[in-house]
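Chains as they are written, first to last, in this note's numbering: chain A, 53 to 236; chain B, 53 to 236.
Beta carbons: idealized from backbone N, C-alpha and C, even for Gly.
One structure is given below, encoded as structure tokens.
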């Protein structure tokens with residue numbers, strides 16, 4: 053099972069990126085999480101470029117298209133989705149394989165509900181399946197704001213792992229929906 | 053009075069950009085509207101770049117900082133604000149002169165209420181003043197989707213001009229609020 057993780061922040065010390073890297077290290081052996089690092093290379097969305105999409109866009113589409121699920125962690129800026137994350141989604145709107153894609157949204161800012169709600173609305177509009185049980189707020193403290201800090205914290209690792217197992221179950225067809233995607 | 057107009061679409065045939073160019077041509081003599089064309093040149097927001105912001109970011113900040121008001125028209129993509137527009141706003145969050153800046157939001161897709169609501173929330177969070185009477189939906193028809201088509205249509209030109217006059221009044225201090233900004 054292959055999962056592509058997208059961080060909505062480009063900051064080197066991003067908490068959201070750290071959370072995704074920690075998730076990649078915690079994932080069960082049969083669930084490979086790849087943190088996609090090319091969101092910052094995307095051009096700003098312009099439908100006029102569709103005739104010959106830049107390699108960065110093609111790389112994003114190939115990664116997402118080939119994944120069984122997505123894992124998203126994105127900051128909230130000014131009560132909105134980060135432009136970085138929304139720009140990536142704008143490039144994915146036309147991707148047919150986005151339909152029914154299981155998505156887990158990890159929220160590292162539990163009080164950031166505007167962005168979380170807006171992301172869910174956009175993902176549902178794009179016909180993805182937001183896996184609610186896997187879309188959780190992760191309570192972070194001053195000593196769990198880095199990848200190593202997260203991995204050293206039992207409550208944080210347990211919360212991440214619970215979300216991953218729920219995402220895994222959704223891909224495998226838990227909840228009686230039948231397999232959403234073939235598992236390779 | 054100087055107004056900077058920002059379009060959330062980079063498409064050459066963008067209806068939102070056409071609407072702003074039409075507004076610039078219709079504006080009263082004492083109200084100069086400049087359609088800012090550099091949003092597509094901005095890098096994706098990354099706070100790590102703040103130490104030495106790229107020239108494109110400095111140009112946006114100088115234009116907005118020097119304006120008495122903003123005029124925004126932005127498309128809705130997948131029930132969300134376009135990444136292009138949100139990325140521009142992300143670069144403006146830290147701009148002190150954004151505080152109390154009068155903003156008019158023109159909406160060329162009257163049924164696109166998700167993006168309109170999200171933009172208002174973000175602008176208010178950034179401490180701008182959304183001038184409600186100047187923030188209107190413009191009803192467009194098949195023959196008013198271009199700048200020339202808009203300028204040839206009495207209902208469209210009247211709707212645009214009414215919004216501009218309300219924005220002008222807000223800058224000049226109409227409504228008993230006193231001048232929000234000095235008018236040069």
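Item: Contacts of residue 88(B) in chain A (Cβ-Cβ under 8 Å); Value: What residue 88(B) touches in chain A: nothing, since even the nearest Cβ is about 14 Å away.
Item: Contacts that residue 142(A) makes with chain B (C-beta to C-beta distance below 9 Å); Value: 129, 130, 132, 134, 135 and 136
Item: Min CB distance residue 145(A) to chain B below 8 Å; Value: yes
Item: Residues, ordered as in the chain, of the stretch 148-163 of chain B that lie near chain A by beta-carbon distance below 9 Å; Value: none
Item: Counterpart residues of residue 172(B) in DSSP-defined beta bridges; Value: In the DSSP output, where bridge partners are listed per residue, residue 172(B) has none listed.
Item: Any C-beta of chain A under 8 Å from that of residue 173(B); Value: yes
Item: Other residues of its chain near residue 103(A): CB distance less than 8 Å, five sequence neighbours each side excluded; Value: none
Item: Bridge-paired residues (DSSP) for residue 154(B); Value: 181(B)
Item: Where the stretch 54-81 of chain A meets chain B: residues whose CB sits under 7 Å from a CB there; Value: 62, 63 and 64
Item: Identity of the residues DSSP links to residue 123(A) by a beta bridge; Value: 57(A) and 156(A)
Item: Supposed contact pair residue 154(A) and residue 116(A) - C-beta distance, whole angstroms, cut 8 Å; Value: Residue 116(A) to residue 154(A), Cβ: 12 Å. No contact.
Item: Endpoints, the beta strand (DSSP E) within which residue 200(B) is located; Value: Looking at the DSSP string, residue 200(B) is not in any beta strand (DSSP E); the run it does join, the alpha helix (DSSP H), is 199-203.
Item: Burial state of residue 222(B) (16 or more Cβ within 10 Å); Value: buried
Item: Residue 84(A) - DSSP class collapsed to helix/strand/coil; Value: strand
Item: For residue 116(A), three-class secondary structure by DSSP; Value: helix
Item: Interface residues of chain A facing residue 279(B) [CB-CB closer than 8 Å]; Value: Since the displayed chain B opens at 53 and closes at 236, residue 279(B) lies outside it and no answer follows.
Item: Proximity test, Cβ basis, 8 Å: residue 195(A) and chain B; Value: no
Item: With 16 other Cβ atoms within 10 Å as the buried cut-off, status of residue 196(A); Value: buried
Item: Residue 223(A) - containing alpha helix (DSSP H), residue span; Value: 206-224
Item: Short CB-CB distance (under 8 Å) between residue 289(B) and chain A; Value: Outside the shown range of chain B (53 to 236) lies residue 289(B), about which nothing can therefore be said.
Item: Within chain B, the residues that residue 211(A) reaches when beta carbons sit closer than 9 Å; Value: In chain order: nothing, as chain B lies at least about 26 Å away.
Item: Residue 240(B) - DSSP class collapsed to helix/strand/coil; Value: Past the edges of chain B, shown from 53 to 236, lies residue 240(B), and the structure says nothing about it.
Item: Neighbour-count burial assignment, residue 207(B), 16 or more Cβ in a 10 Å radius; Value: exposed
Item: Where residue 130(B) falls, given that 16 or more other Cβ within 10 Å makes a residue buried; Value: buried
Item: Touch test, the stretch 58-66 of chain A against the stretch 131-142 of chain A, Cβ-Cβ under 8 Å, three pairs minimum; Value: yes
Item: Under 9 Å from the C-beta of residue 92(B): neighbouring residues of chain A; Value: 95, 96 and 98
Item: CB of residue 156(B) within 8 Å of CB of residue 119(B), strictly; Value: no
Item: Residue 170(A) at chain B interface by Cβ criterion, 8 Å; Value: yes
Item: Inter-residue spacing [alpha-carbon to alpha-carbon] between residue 236(B) and residue 56(B); Value: At residue 236(B) the pLDDT is 43, less than 50, meaning the model places this residue with poor confidence and gives no usable figure here.
Item: Residue 113(A) vs residue 144(A) beta-carbon contact at 8 Å; Value: yes
Item: Option in 109(B), 140(B), 177(B) and 211(B) with minimal Cα separation from residue 187(B); Value: 211(B)
Item: Min CB distance residue 198(A) to chain B below 8 Å; Value: no
Item: Where residue 178(B) meets chain A, residues with beta-carbon distance less than 7 Å; Value: 130
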